[in-house]
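A.B. asks: Under the working numbering, the residues of the sequence shown are numbered 1 to 264, in order. First the structure, which I've put down as structure tokens, then a few questions once you've had a look.
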Amino acid sequence: RALLAVSLNLMALLFSTTAFITTHWCEGTQRVPKPSCGKEKKTNCLNYSGNETANETNQNVVHYSWETGDDRFLFRYFHTGIWYSCEENINAAGEKCRSFIDLAPASEKGKTIQSRLLPIVQITSVLFLDILQCQGKHYFLSTQGPTCVLWLSVVSEVLYIMLLVVGFSLMCLELFHSSSVIDGLKLNAFAAVFTVLSGLLGMVAHMMYTQVFQVTVSLGPEDWRPHSWDYGWSFCLAWGSFTCCMAASVTTLNSYTKTVIEFR
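As structure tokens, then:
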């Protein structure tokens with residue numbers, strides 16, 4: 001059981017670290033206008049009057065395109081993580097990325113944001129001493145709620161990974177360097193506590209990021225709002241890490257309880 005707990009903790013650590021540094025928490029398509037055709041752009045573009053040369057050389061001439069409705073738009077792929085949101089570059093090969101924090105909704109929509117984030121704020125306040133203050137006032141009640149919650153999600157993810165490392169280290173010590181039953185029980189108990197705490201932090205962090213992303217989808221910049229989206233493989237890894245973490249904590253507590261019963 002000790003070896004199983006160590007293996008589960010290691011899987012949780014690898015999954016959480018991978019999810020934290022990747023940008024596939026959410027992915028989908030964005031509906032954007034087609035660019036004008038040019039010398040380097042021949043497909044998925046608007047060809048005005050069928051004359052590319054005139055279109056480029058004479059800017060004062062009125063040009064027409066026969067494409068109407070949805071034909072004037074294309075759907076580009078995007079994927080978003082905790083740090084960056086990357087979009088397919090429709091004018092060239094590759095992708096272009098921008099900070100996800102910069103995509104936070106406008107400040108004038110703070111009331112709507114506050115109501116959407118209230119459940120997550122309540123959960124977070126219990127774990128973080130009920131109050132987080134920024135510049136002398138309750139930052140969650142200000143109009144910069146999503147940005148602060150996003151940063152709180154980042155901090156929670158970092159603490160989650162750090163506590164996983166601590167729990168993994170204690171489990172390894174208990175497995176390989178425990179000199180007595182009492183020392184092993186102490187290490188086992190501390191490893192279980194740290195692993196449970198890390199799991200709770202990870203759960204709250206994932207929930208906060210999901211809520212912030214949903215708010216950004218509704219109230220974010222017009223040129224970024226997705227046409228359709230779904231959760232990506234990084235999101236699955238994050239919750240898989242949480243599952244492995246809680247399984248490791250249950251296994252460790254089970255091993256601790258069994259050892260105490262046998263020792264008595």
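We put the CB at the ideal spot given by N, CA and C, even for glycine.
Would you tell me roughly how many angstroms separate the C-alpha atoms of threonine 210 and threonine 80, rounded to the nearest one?
C.D. replies: 11 Å
A.B. asks: Compare the C-beta of cysteine 97 against all C-beta atoms of chain B and say whether one is closer than 9 Å.
C.D. replies: No chain B is part of this structure, which consists of one protein chain only.
A.B. asks: Per DSSP, what kind of secondary structure is threonine 29 in: helix, strand or coil?
C.D. replies: In the three-state reduction of the DSSP assignment, threonine 29 falls in the strand class, which pools E and B.
A.B. asks: Please classify leucine 3 as buried or exposed, where buried requires at least 16 other C-beta atoms within 10 Å of its C-beta.
C.D. replies: By the 16-neighbour rule on beta-carbons within 10 angstroms, leucine 3 is exposed.
A.B. asks: Check whether the Cβ atoms of phenylalanine 100 and glycine 28 lie closer than 9 Å to each other.
C.D. replies: no
A.B. asks: Going by C-alpha to C-alpha distance, which of Met246, Val260, Trp224, Thr257 sits closest to proline 33?
C.D. replies: Relative to proline 33, the option among Met246, Val260, Trp224, Thr257 whose CA is nearest is Trp224.
A.B. asks: List the endpoints of the continuous alpha helix (DSSP H) containing aspartate 183.
C.D. replies: 181-219
A.B. asks: Between glutamate 87 and cysteine 97, what straight-line distance do the alpha-carbon atoms span, to the nearest angstrom?
C.D. replies: Rounded to the nearest angstrom, the two C-alpha atoms are 6 Å apart.
A.B. asks: Express the C-alpha separation of alanine 192 and serine 255 in angstroms, rounding to a whole number.
C.D. replies: 10 Å
A.B. asks: Mind checking whether alanine 205 and tryptophan 25 have CB atoms under 9 Å apart?
C.D. replies: no
A.B. asks: Kindly list the residues whose CB is nearer than 7 Å to the CB of serine 272, restricted to its own chain and excluding five residues on each side of it in sequence; keep chain order.
C.D. replies: The requested residue 272 does not occur in the structure, where the chain is confined to residues 1 to 264.
A.B. asks: Would you list the residues sitting across from serine 99 in a DSSP beta bridge?
C.D. replies: Bridge partners of serine 99: Tyr84.
A.B. asks: To the nearest angstrom, report how far apart serine 249 and valine 196 are at their CA atoms.
C.D. replies: 6 Å
A.B. asks: Pull up the CB-CB distance for serine 153 and valine 212, whole angstroms please, since I reckon it's below 8 Å.
C.D. replies: 7 Å
A.B. asks: If serine 241 sits next to alanine 12, beta carbons under 8 Å apart, how far is it from one beta carbon to the other, in whole angstroms?
C.D. replies: Indeed, because the Cβ distance is near 5 Å, the residues count as touching under 8 Å.
A.B. asks: For serine 228, which beta-bridge partners are listed by DSSP?
C.D. replies: Thr29
A.B. asks: Since threonine 259 and leucine 187 should fall inside the 8 Å C-beta cutoff, what is the C-beta to C-beta distance between them, to a whole number of angstroms?
C.D. replies: Taking the Cβ atoms as the reference, threonine 259 lies roughly 11 Å from leucine 187, outside the contact range of under 8 Å.
A.B. asks: Tell me, to the nearest whole angstrom, how far the beta carbon of alanine 5 is from that of threonine 251; I am working on the premise that it is less than 8 Å.
C.D. replies: That belief holds up - the Cβ atoms of alanine 5 and threonine 251 are roughly 4 Å apart, short of 8 Å.
A.B. asks: Using DSSP with H/G/I as helix, E/B as strand and the rest coil, what is lysine 34?
C.D. replies: coil
A.B. asks: Measuring CB to CB, does phenylalanine 20 end up less than 9 Å from isoleucine 82?
C.D. replies: yes
A.B. asks: Starting from the C-beta of tryptophan 229, find all residues in its chain whose C-beta is less than 6 Å away, skip the five residues before and the five after it, and write them out in chain order.
C.D. replies: The answer, listed in chain order, is Cys26, Gly28.
A.B. asks: Taking isoleucine 21 as part of the alpha helix (DSSP H), name the residues at either end of that continuous run.
C.D. replies: Run containing isoleucine 21: 2-21, per the alpha helix (DSSP H) assignment.
A.B. asks: Is serine 16 near glycine 202, with beta carbons less than 9 Å apart?
C.D. replies: yes
A.B. asks: Kindly indicate the opening and closing residues of the alpha helix (DSSP H) around asparagine 254.
C.D. replies: That run of the alpha helix (DSSP H) goes 233-263.
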